Amino acid sequence: ILPPEVYRQAVHQADLAISITDPSARILYANDSFSRITGYSAEDIVGLNESVLSNHTTPPALYADMWASLKARRPWSGKLLNKRKCGGTYLAELSITPVVNDKGEITHFLGMHRDITELH
Ligand code: FAD
Numbered sequence: 273i274l275p276p277e278v279y280r281q282a283v284h285q286a287d288l289a290i291s292i293t294d295p296s297a298r299i300l301y302a303n304d305s306f307s308r309i310t311g312y313s314a315e316d317i318v319g320l321n322e323s324v325l326s327n328h329t330t331p332p333a334l335y336a337d338m339w340a341s342l343k344a345r346r347p348w349s350g351k352l353l354n355k356r357k358c359g360g361t362y363l364a365e366l367s368i369t370p371v372v373n374d375k376g377e378i379t380h381f382l383g384m385h386r387d388i389t390e391l392h
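Here the numbering used here is used: the sequence shown runs in plain steps of one and ends on residue 392.
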């Protein structure tokens, strides 16, 4: 069994961009890789909705599919075009997992993504 601090540091230092949101996608936590990839510091981004990363070119049907999965407590993964703080875009490979409590209610979402622009 690991001490909680190890889990915290492992998430904080992970090479993937990791964020934790409330059920409406408002960001409560972002790790260092999230800041490196998006250009937003944790101070910039905490309190904002994940939609600040949207480039507004992603088809609404993709978001509808995403939210249908998430509301059904199923994880969702896919690729979308994101916008950095500076305005540049990148291709993100994103995976979102609903976090549920012992009553099965969604309390948070865990988002993990990486920049796959160079792989395309
Ligand atoms: P909106 O008009 O807000 O949403 C488009 C459609 O999505 C709506 O018509 C509705 O069907 C659905 N929808 C949106 N919010 C909700 C909600 N709270 N409950 C139910 N249905 C909803 N988006 C990105 O573009 N890039 C990301 O990297 C990204 N990461 C995310 C990480 C996490 C952990 C979560 C939970 C969400 C993430 N999103 C991301 C999705 C983001 O929260 C927005 O839904 C998305 O960006 C669309 O925002 P919009 O303002 O363009 O459109």
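Glycine included, every Cβ here is placed at the ideal spot set by N, Cα and C. Being a predicted model, the structure only gives us computed values, none of them experimental.
Alpha carbon of residue i to alpha carbon of residue j, nearest angstrom
{"i": "E322", "j": "E390", "result": "23 Å"}
{"i": "D294", "j": "H392", "result": "32 Å"}
{"i": "T369", "j": "G311", "result": "23 Å"}
{"i": "W339", "j": "Q285", "result": "28 Å"}
{"i": "N327", "j": "N354", "result": "5 Å"}
{"i": "L320", "j": "S296", "result": "10 Å"}
{"i": "T361", "j": "V324", "result": "12 Å"}
{"i": "E277", "j": "K343", "result": "30 Å"}
{"i": "N373", "j": "Y301", "result": "18 Å"}
CB contact flag (residue i, residue j, <8 Å)
{"i": "E365", "j": "K351", "result": "yes"}
{"i": "D387", "j": "I309", "result": "yes"}
{"i": "I292", "j": "L382", "result": "yes"}
{"i": "L288", "j": "H380", "result": "no"}
{"i": "S341", "j": "S367", "result": "no"}
{"i": "R345", "j": "I378", "result": "yes"}
Helix, strand or coil at residue i [DSSP, three-state]
{"i": "P331", "result": "coil"}
{"i": "V372", "result": "strand"}
{"i": "D294", "result": "coil"}
{"i": "E377", "result": "coil"}
{"i": "L325", "result": "helix"}
{"i": "L320", "result": "coil"}
{"i": "Y279", "result": "helix"}
{"i": "K357", "result": "coil"}
{"i": "D287", "result": "coil"}
{"i": "L386", "result": "Note on identity: in this sequence residue 386 is Arg, with Leu being the wrong assignment. It is a strand residue."}
{"i": "L274", "result": "coil"}
{"i": "S367", "result": "strand"}
{"i": "S313", "result": "coil"}
{"i": "M302", "result": "Residue identity differs from the one stated: residue 302 is Ala in this sequence, not Met. Correct three-state label for A302: strand."}
Can we say the segment 327 to 338 touches the segment 300 to 309, given the rule of at least three CB pairs closer than 8 Å? Put simply, the segment 327 to 338 does not touch the segment 300 to 309. Fewer than three CB pairs are less than 8 Å apart.
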